[in-house]
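Peer 1: Mapping to the UniProt record's numbering: the sequence shown position 637 is 637, numbers consecutive.
All C-beta atoms in this analysis are idealised placements derived from N, C-alpha and C, irrespective of residue type, glycine included.
These figures come from a predicted structure and were not determined experimentally.
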Amino acid sequence: MTEEKMPLMLENGMNGAMQVDQLDVDDLFGDGVGGLSLHTARPPTKQLRQRIDELRTRGCCQGVAWSRSGAIASVSPDGKTLEARFLRSHPDNGDWGLSEPTKVDLISINPSSPIIHLAWASTASPELAVIDATGRVAILTYSITLNRPFATRKWDHDPCDDLHAIVGSYWLPLAPQSKQYWVSHGPAVKDGNQYRYESSFVRAGGPWHPNPSKSALLCVTTNGHLKMFWAQNNNKIEETSLELESVNSSDDLITHAALHSYLWIALATTNKQIRVVKVGIHWGLPQSQSDTKPPPGSQALNPTLHEKHVAISTWLPSGPSTTPVDSAATQLTHLEILPSVMDPNGQGAPLVILAFGTYVPTPNTPYQETQSIIDKWEVPGDQPQSLHPAFEQLGSRRNSTGTAPAPTCRLKKCDPVVINKAVIGLHTIQYGNVVCLAFSDGSVEYRDRYTLQEVYNEMNLDRVMTLGQVGFTLQDDSPCLQMAFSPTNCSVVKVQDDGKVKWSRLHHPLGDIGNSNQDAPYAATLAALTVAASTATFNNINYDDILAVARPFANKKRFTFDWINEIVRMLKVPVDYSEDTHHDSLVRNSSLQMCLSILNHLGYKGMFQPRTFGGKFAMLALNARNVVILITIASNTPVNIREKLSPLDEHEVVDALAGCAKWSLDLLAWLTDSLFALLDDPQFLALLTPQRFSEMSTYLQSRSDVSLHLLLCSSTRGFLSAVCRRILHLEILSNRAIEFYERRAAMQNATDPSSQAKGLHVVLYKAYQKMQRVTSSSLIKVQEFDRLLTVLNNDIRTAYQTSLASLASKNPPGAGAAAQKAVDAQIKTAQMHCELNMLLASSPPPAFLGVLLKFFNTDLRAYRGLADPSKLFFADYDLLEVDDDRRTLAARKAKSRFIDVFKRVELVGPPPTSRAGGGGGSGAAGSSNSNSGGKEAEEAKTAQWRRCVRCSAVMEDVFGSRPGFTFVLAQQRKCSCGGHWGLLPRGSLIG
Numbered sequence: 001m002t003e004e005k006m007p008l009m010l011e012n013g014m015n016g017a018m019q020v021d022q023l024d025v026d027d028l029f030g031d032g033v034g035g036l037s038l039h040t041a042r043p044p045t046k047q048l049r050q051r052i053d054e055l056r057t058r059g060c061c062q063g064v065a066w067s068r069s070g071a072i073a074s075v076s077p078d079g080k081t082l083e084a085r086f087l088r089s090h091p092d093n094g095d096w097g098l099s100e101p102t103k104v105d106l107i108s109i110n111p112s113s114p115i116i117h118l119a120w121a122s123t124a125s126p127e128l129a130v131i132d133a134t135g136r137v138a139i140l141t142y143s144i145t146l147n148r149p150f151a152t153r154k155w156d157h158d159p160c161d162d163l164h165a166i167v168g169s170y171w172l173p174l175a176p177q178s179k180q181y182w183v184s185h186g187p188a189v190k191d192g193n194q195y196r197y198e199s200s201f202v203r204a205g206g207p208w209h210p211n212p213s214k215s216a217l218l219c220v221t222t223n224g225h226l227k228m229f230w231a232q233n234n235n236k237i238e239e240t241s242l243e244l245e246s247v248n249s250s251d252d253l254i255t256h257a258a259l260h261s262y263l264w265i266a267l268a269t270t271n272k273q274i275r276v277v278k279v280g281i282h283w284g285l286p287q288s289q290s291d292t293k294p295p296p297g298s299q300a301l302n303p304t305l306h307e308k309h310v311a312i313s314t315w316l317p318s319g320p321s322t323t324p325v326d327s328a329a330t331q332l333t334h335l336e337i338l339p340s341v342m343d344p345n346g347q348g349a350p351l352v353i354l355a356f357g358t359y360v361p362t363p364n365t366p367y368q369e370t371q372s373i374i375d376k377w378e379v380p381g382d383q384p385q386s387l388h389p390a391f392e393q394l395g396s397r398r399n400s401t402g403t404a405p406a407p408t409c410r411l412k413k414c415d416p417v418v419i420n421k422a423v424i425g426l427h428t429i430q431y432g433n434v435v436c437l438a439f440s441d442g443s444v445e446y447r448d449r450y451t452l453q454e455v456y457n458e459m460n461l462d463r464v465m466t467l468g469q470v471g472f473t474l475q476d477d478s479p480c481l482q483m484a485f486s487p488t489n490c491s492v493v494k495v496q497d498d499g500k501v502k503w504s505r506l507h508h509p510l511g512d513i514g515n516s517n518q519d520a521p522y523a524a525t526l527a528a529l530t531v532a533a534s535t536a537t538f539n540n541i542n543y544d545d546i547l548a549v550a551r552p553f554a555n556k557k558r559f560t561f562d563w564i565n566e567i568v569r570m571l572k573v574p575v576d577y578s579e580d581t582h583h584d585s586l587v588r589n590s591s592l593q594m595c596l597s598i599l600n601h602l603g604y605k606g607m608f609q610p611r612t613f614g615g616k617f618a619m620l621a622l623n624a625r626n627v628v629i630l631i632t633i634a635s636n637t638p639v640n641i642r643e644k645l646s647p648l649d650e651h652e653v654v655d656a657l658a659g660c661a662k663w664s665l666d667l668l669a670w671l672t673d674s675l676f677a678l679l680d681d682p683q684f685l686a687l688l689t690p691q692r693f694s695e696m697s698t699y700l701q702s703r704s705d706v707s708l709h710l711l712l713c714s715s716t717r718g719f720l721s722a723v724c725r726r727i728l729h730l731e732i733l734s735n736r737a738i739e740f741y742e743r744r745a746a747m748q749n750a751t752d753p754s755s756q757a758k759g760l761h762v763v764l765y766k767a768y769q770k771m772q773r774v775t776s777s778s779l780i781k782v783q784e785f786d787r788l789l790t791v792l793n794n795d796i797r798t799a800y801q802t803s804l805a806s807l808a809s810k811n812p813p814g815a816g817a818a819a820q821k822a823v824d825a826q827i828k829t830a831q832m833h834c835e836l837n838m839l840l841a842s843s844p845p846p847a848f849l850g851v852l853l854k855f856f857n858t859d860l861r862a863y864r865g866l867a868d869p870s871k872l873f874f875a876d877y878d879l880l881e882v883d884d885d886r887r888t889l890a891a892r893k894a895k896s897r898f899i900d901v902f903k904r905v906e907l908v909g910p911p912p913t914s915r916a917g918g919g920g921g922s923g924a925a926g927s928s929n930s931n932s933g934g935k936e937a938e939e940a941k942t943a944q945w946r947r948c949v950r951c952s953a954v955m956e957d958v959f960g961s962r963p964g965f966t967f968v969l970a971q972q973r974k975c976s977c978g979g980h981w982g983l984l985p986r987g988s989l990i991g
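1) Taking A204 as the reference, which of Q194, W182, N211 has the closest Cα?
2) In angstroms, rounded to a whole number, what distance separates the CA positions of K903 and C660?
3) Going by DSSP, what residues sit across from Y522 in a beta bridge?
4) So, for P380: in the same chain, excluding its five sequence neighbours on each side, which residues have a beta-carbon less than 7 Å away from its beta-carbon?
5) Here's the rule: buried if 16 or more other CB atoms are within 10 angstroms of the residue's CB, otherwise exposed. What is T362?
6) DSSP has R88 in a bridge; who is on the other side?
7) Out of curiosity, what's the CA-to-CA distance linking residue 995 and L226?
8) Using the three-state DSSP reduction, which class does H980 fall into: helix, strand or coil?
9) Taking F967 as the reference, give the member of A65, V653, R463 with the closest Cα.
10) Out of R449, V723, V341, Y262, point me to the one whose CA is closest to D375's CA.
11) Pick from P479, Q482, S504, F965: whose alpha carbon is nearest that of N489?
12) Quick one: give me the first and last residue of the alpha helix (DSSP H) that H601 is part of.
13) Could you round the C-beta distance between S976 and R625 to whole angstroms and report it? I think they count as a contact, below 8 Å.
14) Using CA atoms only, rank isn't needed, just tell me which of K272, P366, I424 is closest to H334.
15) Closer than 7 Å by C-beta to S674: which residues in its own chain qualify, once you throw out the five before and the five after it? Chain order, please.
16) Helix, strand or coil: which one does DSSP assign to L657?
17) Provide the residue(s) that pair with Y450 in DSSP beta bridges, ordered along the chain.
18) Within 8 Å, do at least three Cβ pairs link the region 522-531 to the region 183-203?
19) Do you know how far the Cα of E307 is from the Cα of residue 999?
20) Assign D859 to one of three DSSP states: helix, strand, or coil.
21) Given a cut-off of 8 Å, decide if S590 and D545 are closer than it, judged by their beta-carbon atoms.
22) Go through its chain and collect everything with a Cβ distance to S988's Cβ below 7 Å, but skip five positions before and after it.
23) In terms of residues, what are the limits of the beta strand (DSSP E) holding Y195?
24) What are the boundary residues of the alpha helix (DSSP H) that P682 is part of?
25) State yes or no: is the C-beta of V167 within less than 8 Å of the C-beta of S184?
26) Among A258, Y877, Q331, Q232, whose alpha-carbon lies nearest the alpha-carbon of N302?
27) On the CB-based measure, 16 or more other CB atoms within 10 Å of its CB, does K770 come out buried or exposed?
28) Which residue marks the beginning of the beta strand (DSSP E) containing P187, and which one marks its end?
29) Drop a sphere of 10 angstroms on the beta-carbon of H209, count the other beta-carbons inside from all chains shown, and report buried for 16 or more, exposed for fewer.
30) State the DSSP-derived secondary structure class of E239, mapped to helix, strand or coil.
31) Please report how far the alpha carbon of H260 lies from the alpha carbon of H309, in whole angstroms.
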């Protein structure tokens with residue numbers, strides 16, 4: 001075939017040659033392709049470039065941090081202001097949000113040395129390390145409220161020297177109770193129709209402060225020194241230092257440092273070296289004391305530090321650096337050290353060092369994609385060195401007996417990992433097994449510490465460890481410069497380009513999850529929330545953001561009850577107290593308090609909105625528990641401090657206990673009135689038949705009447721019995737105190753009629769008079785109510801024994817101890833199941849029908865003869881805040897009435913804003929008008945309010961000037977629901 005006759009591929013046989021320049025792409029590839037355009041990445045902002053430069057030059061520059069208690073500290077963009085925030089449930093509707101910032105003025109800021117770094121300790125009273133650009137360190141303690149700290153160390157005497165700038169910091173962890181292992185909860189594994197919750201043990205790594213409730217702050221400076229700030233036995237913060245590296249030139253300066261458990265320290269120097277150092281602490285105590293118990297107060301701590309240099313390497317690329325990306329990789333932004341752990345196969349995984357470098361493209365350059373490079377080194381154990389055979393021959397020729405070289409450690413470089421995003425933060429979870437990365441685009445990734453491969457990024461309903469595996473994602477994906485993870489990892493706070501702080505929680509964008517455990521997304525969501533909540537409560541971590549994640553599902557009929565049921569299963573929470581008569585273990589059951597707190601919050605719709613049945617039940621149970629604790633603490637001072645304080649000899653304590661007694665008596669009276677109402681309700685009595693007994697719970701929920709469930713459930717019945725006994729104790733105490741002071745006054749008048757009684761004793765006498773008036777004017781007889789509870793408890797115990805006798809009969813006579821033990825366990829499990837159902841608002845078991853018939857037909861009618869039903873019906877129960885009809889709630893809102901949950905008295909508020917109290921404005925008006933100035937001064941003396949961030953309860957922000965009141969007040973560092981306090985600004989009801 002000739003060239004002239006060869007057909008062209010673009011030749012159209014019908015219409016001649018095809019004109020390529022007139023060809024439409026849509027003709028080839030279909031409609032709409034012609035408009036296809038490649039997505040271009042958002043170019044990095046000026047603020048992001050500045051942030052990356054800051055990360056490269058400062059090893060410590062985290063400007064926002066989130067404590068285990070829920071306090072959020074942040075630094076203003078100019079570095080001159082420290083601000084405090086927290087999550088709080090809005091009192092109008094219960095929805096969660098970020099509070100307004102509170103400025104912290106406890107530290108003096110040097111204009112030339114801004115605040116650059118914040119770090120929280122894991123102590124029960126959160127301690128915040130505040131570090132400025134020249135390495136000065138201040139330590140603040142948030143012991144009472146989440147937004148008002150106290151300074152425990154100020155930096156006024158620290159030198160302002162750039163060589164003292166801090167490049168790495170680390171708080172010592174708190175020792176676990178066993179000092180050997182931590183418990184890692186999860187995953188939840190699908191097993192048939194339900195989930196099985198697994199847990200594992202993780203070896204705990206010290207060192208720890210000798211006092212198990214304290215920590216110590218370690219800091220590495222740019223000139224190679226290690227500083228340790230630690231608390232002496234008198235709580236004074238002292239300092240100990242050690243020279244880690246000798247800095248002889250600018251190449252030796254340290255730019256970044258990472259510290260972790262066992263005090264492994266990784267150092268990055270200006271000349272691109274990675275150095276690994278192991279540090280030990282000797283606290284100057286006998287070995288037996290430092291390992292087993294806190295040092296006695298008379299013996300001062302005297303710690304010393306010692307170091308061992310382990311290994312050295314470089315992070316320079318092995319070949320010549322030819323690209324801007326390679327060049328950027330040599331400029332570290334983050335350095336992290338991961339302690340050795342057990343890998344999934346049960347083998348010991350070595351220590352790991354991670355170095356992060358980020359490349360941010362500049363305009364008009366070939367490389368326009370942001371990249372982060374993660375270099376990884378493993379630190380194996382010491383390895384023996386061997387001499388070259390030639391040296392061995394030389395030694396034998398000279399008949400020398402040389403010693404073997406000492407073992408050495410060499411860093412093992414692993415393949416780098418490249419991510420096409422800018423890493424702006426990281427932290428570890430699950431005891432170092434997972435690395436959590438935060439990126440400038442607002443996204444988050446989880447990576448396995450062994451492979452650095454991404455995990456938890458796919459749906460997996462069969463093996464659930466995080467909420468991300470069941471479809472949850474962060475609600476807001478806007479770009480940011482900094483990010484701080486909550487202690488539960490269920491939400492984050494971001495610092496945006498404009499310097500504003502924004503909160504973003506996990507949410508479920510994939511549609512409805514269903515309404516029962518038969519729906520796979522519903523069951524998986526419950527499992528993920530259970531793993532998160534159980535981990536938090538076991539480690540004493542604030543879980544408010546978990547409640548925020550769960551709150552959108554609270555309107556589902558059984559969601560709250562199903563979630564608590566899963567938590568009880570996972571943590572094996574004791575809920576059966578039908579055999580317990582001393583109430584001590586019941587009151588100390590913090591896991592049960594957590595369950596009631598969840599029930600309380602998810603049933604809370606706002607301060608002036610009706611609660612759900614479960615919410616009302618939990619609110620009363622939690623408050624009854626709190627009253628029992630306060631009265632018990634005030635009446636039973638620990639032996640070791642009994643000589644130093646006596647709370648019952650201080651009128652502030654007695655006055656608060658009188659308020660607790662009034663609230664308790666109102667509760668018992670309200671319960672009595674509610675039970676009498678059921679006794680007179682034919683619809684309810686008609687349910688006390690075998691055919692309709694299962695309808696009881698539904699009917700009581702329709703009436704929002706929790707009185708019967710409070711009596712039938714053994715845990716709440718135990719709280720009520722404990723309340724009765726504490727009231728009887730206060731009645732006896734007040735009578736004895738009044739008798740004592742009256743007898744004492746009579747003796748003084750007899751010996752010296754002209755003498756005046758001491759003012760302190762008069763005030764205390766009046767406080768006991770108030771308590772006596774409260775306990776003696778009760779509408780019910782407390783002793784008879786307690787007797788009613790005792791009879792009911794005995795009847796319930798008998799009903800359990802009778803109904804569960806069939807299980808016991810399965811064990812034939814002569815069976816072994818193991819068989820008997822198994823049967824006993826079955827009986828306990830069945831009984832616990834009944835108790836849990838009643839705790840979660842289900843109807844009582846059928847075996848309780850006879851108990852209730854006897855209770856309403858005999859016991860309650862006999863008790864009614866000892867009371868005055870008409871007085872109970874018309875009594876004022878406002879102190880309980882339990883009446884939730886619309887009219888009552890509207891009246892309470894109009895009057896702005898609140899109840900102080902500590903003193904149990906009515907508050908009308910909020911406290912006024914006062915210029916004299918620091919509310920703003922000048923003081924000139926006060927000098928021109930003495931009346932106005934006097935009024936402002938009086939308003940300034942009015943106590944501010946604390947508000948619970950979880951249930952919106954309030955109390956006055958009072959302080960104890962005397963030891964007994966301070967001791968009792970310390971028990972109120974948290975709300976009765978377990979939520980933390982936020983200090984309200986004057987003139988406001990919302991933080």
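Peer 2: Inspection of the coordinates gives the following:
1) W182
2) 7 Å
3) Note: Y522 sits in no beta bridge, so no partner.
4) P350, C409, K412
5) exposed
6) G97
7) Past the boundaries of the shown model lies residue 995; the chain is included only from 1 to 991, so the question cannot be answered.
8) strand
9) V653
10) R449
11) S504
12) 590-602
13) 7 Å
14) I424
15) D705, S707
16) helix
17) DSSP, once it has assigned bridges, lists no residue as partnering Y450.
18) yes
19) Since the first residue of the chain shown is 1 and the last is 991, residue 999 is not available in this structure.
20) helix
21) no
22) P910
23) 194-203
24) 682-685
25) no
26) Q232
27) buried
28) 181-191
29) buried
30) strand
31) 16 Å
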